[in-house]
Structures are given as structure tokens and as C-alpha cells.
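Q: Take this structure, written in C-alpha cells, and hold onto it; I'll ask about it next.
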Amino acid sequence: MKPITLTVAGLHSFREKQTVDFGSLCEGGVFGIFGPTGSGKSSILDAMTLALYGKVERASNNTHGILNHAENLLHVSFTFELENAKGVKRYMIERSFKRQDDLKVKSSVSRIIEVGEESVVLADKIGEVNQCVQDLLGLTIDDFTRAVVLPQGKFAEFLSLKGADRRQMLQRLFNLEQYGDKLNKKLKNKLTTAKNELNEVTAEQAGLGDASTEAIQIAEQELKNTEILLEKRQNEVNKIDVDFEKSKSIWQWQLDKSLLSKKMVEIEHEKPHILQLEQKAKNAETAALILPYLEEYESAKEALDKATIRYQTLQNQLKTKKQENEAKANDYHHARQEKTEKLPFYLTKKQQLTDAKIVQEKAIVLEGEANELQAKLNSLQSLVREKQKQIDAITTSIAVDTEKQKERREKLSKLTVTAEVRDELQKANQQKQTILFSKTSINEQKIELENSQKQLEQLEKMLNSQNEVLNQAKHRMEVIFLENASTYEAVCDRERDSEKLIGFAEAKLAMLKRTLEDNRKKNLAIQIADQLQSGDPCPVCGSTHHPNPVSSPENHGDEIAAQIEKLNNDISNVRELKQEFSTLKFKLEQISSGLIGEYPGEMNAPIQAKKTVSDDEFEDVDGKLQALVVEQRSLQQDYIKLQEMGRKAIQDLRASLKQVNQLEQTKEINTKSFNELQARVLNLQEKTKEQYLNWKQSYPQLEFETIELKLENISKNDKLAQSLTVEIENSTTLLEQKEQEKQKHQHESNELERQIVEANSTLKGKLEALSEAREKLIREIGKNNIPRLLVETEQMIKQLEDNESTAYEAWQKVQAECQKLENETHAALQAFQDGKSRSEKATSKWAGVLETTSFLQSSDVKESVLSKHEQVELGSQIERYWDRYKQVQTDLEKLNELLKGEELTQEKWDEIQRVRTEMKEMLNQSVEAKGAAVKALQVLLEKHGRFNELEERRNELEQSVEQYNKLQSVFKGNSFVEFIAEEQLVQVSLDATERLGILTRQRYAVEVDSQGGFIMRDDANGGVRRPVTTLSGGETFLTSLALALSLSAQIQLRGEYPLQFFFLDEGFGTLDADLLDTVVSALEKLHSKQLAVGVISHVQELRARLPKRLIVEPAEPSGRGTLVRIETL
């Protein structure tokens, strides 16, 4: 990060906009910001933190009281660059605040812009801008003021940070969040996800149910049965559909014939009405031919009536309009004569009133100017009195401040402490702090020892508890082993039953085969006996006499053959069932082996007496087979349950064993640590006692408990003396400023007296001119209202002109209307004569045409007339009627040919429909049964495949969960990030030791203690370790400076942007001349390392050494604000 420019206005002592060009200042590597106390040097750093974070660290509530008392608006703008391997990016932050009351301000503008060829606004709201800065820099305001910009009071804060505060800061400075909170969170999320998925997989496996190969075979057989039934139902439906379609056609033809018969009756009923419509169409055709003559006759008569009425009306209107024209002409001549007589008088009066109005307006202007001058005179006199009061008040204040300054000088002379006393107290205190540090370390290690003892006790409890859990897991495995053994015995019994059942079934099969052979021989003998004839020799014995031939008993051959076939199927099924029992027995043996492999203790199942099965149970082969199938399914479910219970028990046993081993290892490590810590505590107690006795011998005149109080009193006196010195310097400057302000007020008072004399002279001249103007008006007009008289005169002139114009326009309008009526009357007379001639001709023609038709009068013709649309519609209606008549006749004939005398009753048709519906329903049921069988087989196949997939995934997830648990135990807490942060801190301390050695001539070194805190190594005193609290003010400054420079050199913002600047706002006043020279020389060498350092101070020796300086000029009382300028050596 590299600063470019900083613009500030309205902040603290700044009023006008001031811009700091850091680009120029940073070219020299080290630059200084110099100015007197209170000039506004620290406000430059305040402006930087306000721009970046919207806060001022030293202000109350971060923003209270930051606005200059004479301003209402505060503005800061900070431009900086971030550089990495990809290139350089420039950003500009702008913030503005408005005054809310005497103390508070309110943000009005807040935005951050990425500056480039086209600038882009990244954020324009307070929260978004703050978050954007945090994302870019990776530092909070606390980090920024501890490691980058160090304002007053913040310099040594990082040196004394401890525990979580230092760890969190180092995480942000060195971008270690990815190894700490983020890594733990990511690991926790991974573990939770894996556990959840494992639970889901286990639950899904349990929900799949029986998905074995045997279940799939049963489902396939069920599907075959449903397919055979479906084919049979389909053939039956196809056959009945043929009969149904034939009956359906006959039934439909019968319905159509009935409807057509009804329709023919309706058509015959409409026939008289159609004949009347045909006559109406004929009359309409005749009326259409003579209608034009009738229309001409009526039109001519109507036109004649209208022309007669119009001609009479226009004659009356023309007579009235001529009388009105004469009256309007007389009005116009009268108005013209009145205008000629009165207009000259009113024009002369108007000019006189206009001149008088100008004089009156001039008098009003003079009166206003005189009033303004009088008010100005009064104001100037008031200002003179106020200035005199201010001069008197400043004179009194100068006298009071002079007396106070005298008192301060007297107090300052009394506050002195010798260097010998101060050095002795500081050395004694340093040694005391070393002793106290040792005691604190002892107490801390005792607490650590107690905590270690508690941890050992807690570990013992946890180990006992976990051993109890382990014993419970072992007991559950023994119970499962016994249940598995019991199930195994049951499977063995069923296997033996299956084998015995096969023997019984084979014996029964052999017996049935013998019976079938005997039956076949008897049938052959019967056939031979039936063919024997008396006298023929017997084919068996050769005898010609057959006294007792074999009779025909009842034939049971088919029944025996069916029994043999069924028995063969049963034997095959029993053999398959026996094989399934063997497979199940093998699986149960695997469960036992797995349990014994995980827990090789004594797990022997008790020997149970075998149940003997009566031979009578095996006589019913089919019943025994069904019973064995049911038992096989039950035992298969028992196996699935035992398999899951065994897997869960093994998993629990492994987890418990793992926890016990881990706890035993942890206990061993903690016991060793406890013993080592106990030895260290005893050793440290002896050393601390020896240090205390040495201190008492070295400083017998001092009290060990009260030495800090004495140093605190000296420090308070030093601060009071420093404060008095600053107050004396400030009061001297203030007295000079008040004297200058008094002279300034005296000069301003003299200037006001001169302005009063000038105003009196001008006022006198204005009053004389005003008096003269008022006398002239009274002579010419009197006391009348000039504007009102002028308005009345202008109204009379306008009224005369308007009267003449209005009368002339009215006369011309009536004259034009009179001429128009004369023209219209002549045209109406001509129209009347033409209409009369037309009417006589039309009347003659109509009378001749009417005599040639059957119509008696005009009204008959009009009633018979139809429109063209009505004629077409009437003809269409008649035509449609005859078309329907012919169509119905034709359709009836066709239906009679199709039926051929066949007839179907309602009862027979209903029976055919009912039988077909029932068959369709049975077919649908068969289709649904097949679909259900297909779906069941498909689901079973999917479950079978899914179970295998889930088993593979479950094994993977169990392995992942175990790995994540191991990682979580390794990264538990913040141990890993603390380890990395401590390593980084060690590197910082090594670099800081090198810098501190140069600054202190190899006297001090910085180390990191076992708690991750800083500790000093005093090489000048044999390498003794001392706490940082024992350092003096100057030593603390040098140590903090070395650490801050080392930290800044290694900081990579967000892990990629190097830090290119560093600001320091305190500490140089505590250094002597030689040490100051060493520090400045060390800072000057930083330029080669691409790190610019800004130093804020009022030490003149430091100002003389630095080539680049930013000079801060203090604000003037009640005048301009702080100014800044760059000065180059």
C-alpha cells in the first residue's frame, strides 16, 4: 500500500482545503511532518483513518468534536495504490460530514472509486465502503493504528498485546485466517455433510426392504402368470366385440328409422304454410316492378310542399331584416359624432397626469434613499459602540493573562527532580519489575499447573466413562453373537428338514411310479380281455376257453401322473430351498467371523438341544414345503437385521477403542507435561527469592512496595512541568495575538467614524431634493390621486373609440345578412315553380300503371313489397322444405334395405352391452395386474441395484468421517494458527532484534516467550530476560520502533500487497542527541527496502536532519485554518 494524496478540510484546526502530496514526500524514503504544538500535525493521521475507516481514534465516540467550530462541513479524500505481481491499482476514498449539533456530525457522502482510464465507483454507502476497505486491506482500524499508522498513545500497544488479541491481529496482518477459523469451519462443514450423507445412506438402505435375488425370481414368475391371463382375456374380448359391432349397427338403424318416420310426419304438417309462402313471393315480384312509379309520385308531392313553405318563410324574414338595418345605421352615426366632440379634451388631460406621475415617483425614490442613509448611519454608530466594548474586553483579558503567565513561571521553577535520583529510581524499578514479572510468571504457571491437574482428573473421568462405553459395546457384540448363533442353529435345522423332506418326497415318488406302472399293466390286460373271442387262443396263456376274463375297474392313471408331476416340482423347489438355507448359513458364519475378528474374546454360543421333528409332518410334502418357505423368509429377515446390528456394533466398538486409545495417549502426554511444569515452578521460586534479597541489599533506603508511587509522582511532576511549558508558550503567543487583535479593532473603529461623517453629508442633500419635489406636485395637481385620475381618463378615451367601432361592426353585419336573404328568397321562388310542374307529371303516370295490376291502392303495393334479402330468404325457405321432403323419403328407403326385416329388442341389446362391459372390466383388471407386476419387478430390480450402490457409498463415507474426525482433533481450537502465527512472530522478532541492536549498540534483543508474548534480552547484563514493562520510556520507544518497522516490512495486505509506508507520531522527544542521530540514520537506510517512513515531531534536531519535510502552520484565532507546505533541504 502506497499513499498518493490526502485532501482535508474542516477537520480539527483545518478550515480551507489542504492537500498533502505523499508521492513527492515518499521519494526520499524518510520524511518529517513538523510544526508547533497544536498546529494540526496529528490531524493528518486522523484524516487518513477517517477517510479509510470513517473514525478518528482519539475522538469521543470516534467522530464527536472533529469538525472545526467555525465550519459546517468536513471533507477528506485519500488516494492510495496497491501493487502486486499483476500490476498497480489506484483507489480514491471520499467522505464528507455535516454538522448535526455543537458536538456531533452526520455523514453526507461516502464512496470509494477505482481510478483508471474509466473510473468505477465500487461502493457509495457507509457500510459498503467500510467493508470494501476491509476487503482490500485486510486490516481493522486497530490493526492499522498498531502496525501502519501509529498515532499518539498507540505506539507501544502491539508490544504489550497478549493472547487472543495478538493472535487475531496476526491472522489479519499475515492473512492466516485460512489456517485458523476458516479452516476449522470448512472442516466442520465437511464432517457434518459426510455424517448427514452417511445417515441418509443408512436410512435409505433400511427403507429398501427385501431386494434379494429370490424375491426377484418370485416377481418374474408373477409377471408371467399375469401375462398368460391377460392374453386369455384379450381373446375373449375380441370375440365378443365382433358380435357387439353387428348388434350395434342393427340397433342404430332401428333408431334412425324411428327418427325419420317422426320427421316425415312433421314435414307433411308444414306443407300448407309453404304453399302460402309461394303466393307471397309471387305478389312481391309484381310489386317490385311498379314500385318506382309510386316512389316518384310520392317524392314529387313531398318536394312541392317543402318548396311552398320555404318561399313563404324567407319573404317574412327579409321584411324584418330591412327594418333592423335602418336602426343599426342610426346608432353608428350617433357614436361617431360623440367621439369627435369629446376625444381632444381627454387626450390633453392624460398628458398632464403623466407628467405629474413622473415627478411623484422621483419624490418616492428620494424618500427611500434618505431612509436607507438614516438606517446606515444608525448601524455605523452601533458598530462604533460595539468595537469600543471589544477593545475594552481585550485590554482586560491581556491584563488577566499576563498575571496567569507570571504564576505559571513560578510553579515551573518549583517542579525539578535531579538526574541522579531519577536514574536510581528507574534502575530500582526495572529490577523490581523483573522480580514482579518472575512472581507473575510463577502465579501463571501455578494456575497452569492447577489447570493441568484438573485436565488429568478430567481425562481420568473421561477414560473411565469411555471404558464403560467400550464394555457396553462388547456386551452388545456378545448379545448379537448369541442371536446370530441361535439363528444359525435354526437355519441348520431347516436345512436338515429340507434334506429329510427330499428323502420322504423321493420315496413317495417311487411308490407313485410303481402304482402307475401297475395301473398301466391292468389296463393292458383289460384291453386284451375286451378283444378275446370265444374259441380264440389267449395271447397270455394260450387257452381257448376264457371262463373269468379281467373286468374293467376304475382308471386312476391320469390322477397319479398329475401327482407325480406335482411331486417332481415340489422336490425341485425343496432342493432350491435347501440351497438357500446353505447360502444363508454361510452368510451367518461370515457375521460370526466378523464379530470374532473385531472382538477375539470368549464368545461361545450355548449348546441347545436339537428339536426332533415327527416323521408324520413330512407326509404332507406340499404343506411342509410351504412352511419351510415361510420360515426361510423369516430367517432371511433375521439375517438382514443381524447384519445391520453387527455392522453398527463393530462400528461402535471401533469408535470406542479409538477414543480409549486417544485418551490414554493424551493422559500420558499431559502427565509428562505436568511433571515438567511442576519442576519449573519450584526452580523459578528459588530464583525469584534470590533476586528479591539482592534488591534489598542494593537499595536499603527504598521501600519495595512504594517505589512505583515515587516514580509516578516524578512522572506527574514531569508531565505538569511539560504542560506548564506548553501553556507558557501558548499564552505568550495568545497575548501577542490579542494585542494585534486590539490594534485591529481600533483601526476598524476609526474607519467607522469616517463613514458616519460621509453619511451625514449625503443624507442632508437627499432631504433638500425631496422637499422641492413635494412642493411642485402640490402646485400642479393638489392632493388628488394621480394614478386613479390617469386610469379614469384612459378608460374614457377607450370607451369613445370602442362605441364607434362596435356600432359600425353591427351595422355592417346586418347589411350583409339582408343581402343574403334577398338571394335566398329568389332561389326559393324558382324551386316552387319547378316542383309544381314535376308533381303534375308524376300523378298522371301513377294512375295509368295502377290500373294494369290487381292492386287496388298504393298501400297494397307497399305491403307486398319485400327487400331483395327477404325475397332470397323466402325462396331459400321454400327450396329447403322440398329438399328435406325428398331427403327423408330417400333415407327411409335405404334403412329398409339395410334392415332386411331383422329386429333387435331393447332387452337383448342391453344384455349384449352388459356382457361386453363385464369382459372389458376383466380385461382392464388383467392389464392393471400385469402393470403392477411389471412395476413391482422394476422397483425390486432398482432396489437391488440401489442397495449395492449404497453399500459401496456407505463404506466410502465411513472412511471419510473417520478421516475428518482425525483432522478435527488435530486442528482443535486455534493451535494450528497459533503455531503459524508464533513462527511468523519469531521471524518478526529476529528482524526486530537486528534493528534494535543497531539502535541500542547491541545492548537489547527481542525474543518470543512460551506464551507467545514479547520478552527483552539484556545482552549488556549477561543476557538476562526482562519483561517489556521494565523498559524506560526511551527504551520502550526504540523497541516498539524496531518491532513496528520489522512488522511493516513483512506485512502483505490480503497476502499479496506489500506495505510501502509507515507513520510514527510520538517518542522522539524521549531520545538524547546521540540516540536520535542513530535512529535517524537507521530510518534513512530504509529507502533501499521500498518502505517510506513518515515522522511527526516538533524536535528541531530531527527537522534539520530530514531532507523532505511537510511544514504545518498553525491556524489563526478567528481567522484562517491550518496550512501545509512541502519543504526540501
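Numbering (my numbering), first residue to last: 10 to 1138.
A virtual CB, placed ideally from N, CA and C, is assigned to each residue, including glycine.
So, for alanine 614: in the same chain, excluding its five sequence neighbours on each side, which residues have a beta-carbon less than 6 Å away from its beta-carbon?
A: Your numbering for residue 614 matches position 605 in the sequence shown. Interpretation of alanine 614 is limited by its pLDDT of 48, a score under 50 that renders its predicted location unreliable; no figure is taken from the coordinates.
Q: Tell me the residue span of the beta strand (DSSP E) that contains alanine 30.
A: Counting from 1 along the sequence shown, the entry for residue 30 is found at position 21. A small fix is needed here, since residue 30 is aspartate in this sequence, not alanine. Start and end: 27–30.
Q: Tell me the DSSP bridge mates of glutamate 1136?
A: Locating residue 1136 in the sequence shown gives position 1127, where the first residue counts as 1. DSSP, once it has assigned bridges, lists Arg1118 as partnering glutamate 1136.
Q: Please report the distance separating the alpha-carbon of glutamine 397 from that of alanine 365.
A: Mapped onto the sequence shown, residue 397 falls at position 388. Mapped onto the sequence shown, residue 365 falls at position 356. So the two alpha carbons sit approximately 49 Å from each other.
Q: Cα-Cα, which of Leu298, Glu810, Gln263 and Leu959 is closest to glutamine 346?
A: On the sequence shown, residue 346 is found 337 positions in, with the first residue counted as 1. Answer by Cα proximity: Glu810.
Q: Tell me the DSSP secondary structure of valine 995 in three-state form.
A: Indexing the sequence shown from 1 puts residue 995 at position 986. Looking at valine 995 - three-state DSSP - the assignment turns out to be helix.
Q: Classify arginine 345 as helix, strand or coil using the three-state DSSP reduction.
A: By one-based count along the sequence shown, residue 345 stands at place 336. Helix at arginine 345.
Q: Checking the sheet assignment: what are the DSSP bridge partners for glutamate 1016?
A: The residue you call residue 1016 lines up with position 1007 of the sequence shown. Ile1024.
Q: May I have the straight-line CA-CA distance separating lysine 822 from leucine 323, to the nearest angstrom?
A: Residue 822 sits at position 813 when you count from the first residue of the sequence shown. Residue 323 sits at position 314 when you count from the first residue of the sequence shown. Whole-angstrom Cα-Cα distance: 18 Å.
Q: Identify which residue in Phe980, Leu904 and Pro1116 has its Cα closest to the Cα of tryptophan 262.
A: Here residue 262 is taken as the residue at index 253 of the sequence shown, counted from 1. Nearest of Phe980, Leu904 and Pro1116 to tryptophan 262, Cα basis: Leu904.
Q: If we count the other Cβ atoms within 10 Å of its Cβ and call it buried at 16 or more, is glutamine 972 buried or exposed?
A: Locating residue 972 in the sequence shown gives position 963, counting from the first residue. Flag for glutamine 972 reads exposed.
Q: Any chance the CB of glutamate 781 is under 8 Å from a heavy atom of the ligand SAM?
A: The ligand content of the structure shown is nil, which means the ligand SAM is not present either.
Q: Checking the sheet assignment: what are the DSSP bridge partners for histidine 73?
A: By 1-based counting over the sequence shown, the position of residue 73 is 64. Paired residues: Ser69.
Q: So, with DSSP's three-state summary, where would you put methionine 654?
A: Taking the first residue of the sequence shown as 1, we reach residue 654 at position 645. Correct three-state label for methionine 654: helix.
Q: May I ask you to report which of helix, strand or coil DSSP gives arginine 99?
A: Residue numbering aside, residue 99 sits at position 90 when the sequence shown is read from its first letter. Correct three-state label for arginine 99: strand.
Q: Which stretch, first to last residue, makes up the beta strand (DSSP E) that contains alanine 1101?
A: Locating residue 1101 in the sequence shown gives position 1092, counting from the first residue. Element bounds for alanine 1101: 1101–1106.
Q: Buried or exposed for isoleucine 1135, going by 16 or more other Cβ atoms inside 10 Å?
A: On the sequence shown, position 1126 is the one that residue 1135 refers to. Isoleucine 1135 should be labelled exposed.
Q: Can you tell me whether serine 873 is buried or exposed, with buried defined as 16 or more other CB within 10 angstroms of its CB?
A: Numbered from its first residue, the sequence shown carries residue 873 at position 864. Buried, because 16 or more other Cβ atoms sit within 10 Å of the Cβ of serine 873.
Q: My guess is that alanine 203 and leucine 966 are in contact by the Cβ rule of under 8 Å, so how many angstroms apart are they, rounded?
A: Working through the sequence shown from its first residue, we reach residue 203 at position 194. Working through the sequence shown from its first residue, we reach residue 966 at position 957. Going by Cβ atoms, the distance from alanine 203 to leucine 966 rounds to 6 Å, so yes, they are a contact pair.
Q: With distances taken from CA atoms, which of Thr449, Lys929 and Glu275 is nearest tryptophan 891?
A: On the sequence shown, position 882 is the one that residue 891 refers to. Of the listed residues, the one whose Cα sits closest to tryptophan 891 is Glu275.
Q: Should glutamine 106 go down as buried or exposed, given a rule of 16 or more other Cβ atoms within 10 Å for buried?
A: In the sequence shown, the residue the question calls residue 106 occupies position 97. According to the sequence displayed, residue 106 carries phenylalanine and not glutamine. Under this definition phenylalanine 106 is a buried residue.
Q: In terms of residue numbering, what span does the alpha helix (DSSP H) encompassing threonine 88 cover?
A: Position 79 of the sequence shown, counting from 1, holds the residue named residue 88. Taken as a continuous stretch (DSSP letters only), threonine 88 belongs to no alpha helix (DSSP H), being part of the beta strand (DSSP E) at 82–93.
Q: Between arginine 1012 and aspartate 1000, is the Cβ-Cβ spacing less than 9 Å?
A: As a position in the sequence shown, residue 1012 is number 1003, starting the count at 1. As a position in the sequence shown, residue 1000 is number 991, starting the count at 1. Result no, Cβ atoms of arginine 1012 and aspartate 1000 do not sit closer than 9 Å.
Q: Using the three-state DSSP reduction, which class does glycine 41 fall into: helix, strand or coil?
A: Here residue 41 is taken as the residue at index 32 of the sequence shown, counted from 1. Glycine 41: strand per DSSP, three-state reduction.
Q: Between glutamine 230 and leucine 576, what straight-line distance do the alpha-carbon atoms span, to the nearest angstrom?
A: Your numbering for residue 230 matches position 221 in the sequence shown. Your numbering for residue 576 matches position 567 in the sequence shown. Glutamine 230 and leucine 576: Cα-Cα distance of roughly 19 Å.
Q: In this structure, how does DSSP classify phenylalanine 980 when only helix, strand and coil are distinguished?
A: By 1-based counting over the sequence shown, the position of residue 980 is 971. Note: phenylalanine 980 maps to coil in three-state DSSP.
Q: May I ask you to report which of helix, strand or coil DSSP gives serine 7?
A: Nothing can be reported for residue 7, as the shown portion of the chain is limited to 10 through 1138.
Q: Can you tell me whether leucine 729 is buried or exposed? The criterion is at least 16 other CB atoms within 10 Å of its CB, across all chains shown.
A: Reading the sequence shown from its first residue, position 720 is the one you call residue 729. That one is exposed.
Q: Would you kindly work out how many angstroms separate the C-alpha atoms of aspartate 527 and phenylalanine 513, rounded to a whole number?
A: For the purposes of this step, residue 527 is taken as residue 518 along the sequence shown, with counting starting at 1. For the purposes of this step, residue 513 is taken as residue 504 along the sequence shown, with counting starting at 1. Approximately 21 Å, taken between the alpha carbons.
Q: Around the Cβ of glutamate 992, are there at least 16 other Cβ atoms within 10 angstroms (buried) or fewer (exposed)?
A: Taking the first residue of the sequence shown as position 1, residue 992 is located at position 983. By the 10 Å Cβ count, glutamate 992 comes out exposed.
Q: Between lysine 359 and the rest of its own chain, which residues show a CB-CB distance below 8 Å, the 5 nearest in sequence each way excluded?
A: Working through the sequence shown from its first residue, we reach residue 359 at position 350. Hits under 8 Å: Leu799, Thr802, Glu803 and Ile806.
Q: Would you please state the rounded distance, in angstroms, between the beta carbons of lysine 587 and serine 507? I believe it to be under 8 Å.
A: As a position in the sequence shown, residue 587 is number 578, starting the count at 1. As a position in the sequence shown, residue 507 is number 498, starting the count at 1. About 4 Å separates the two Cβ atoms, so the contact holds.
Q: Mark arginine 1035 as exposed unless 16 or more other C-beta atoms lie within 10 angstroms of its C-beta, in which case mark it buried.
A: As a working note, residue 1035 is residue 1026 in the sequence shown. Classification of arginine 1035: buried, given that the 10 Å Cβ count is 16 or more.
Q: Does the distance from the C-beta atom of leucine 185 to that of valine 986 stay below 9 Å?
A: Locating residue 185 in the sequence shown gives position 176, where the first residue counts as 1. Locating residue 986 in the sequence shown gives position 977, where the first residue counts as 1. Cβ distance < 9 Å, so leucine 185 and valine 986 count as in contact.
Q: Residues in its own chain within less than 7 Å of threonine 621 by CB, not counting five upstream and five downstream?
A: Position 612 of the sequence shown, counted from the start, is the residue given in the question as residue 621. Confidence is the limiting factor: at threonine 621 the pLDDT is only 46, short of 50, which leaves the residue's position unreliable and the question unanswerable from this model.
Q: Under the rule that 16 or more other beta-carbon atoms within 10 Å means buried, what is isoleucine 7, buried or exposed?
A: The structure shown does not extend to residue 7, since the chain spans only 10 to 1138, so no value can be given for it.
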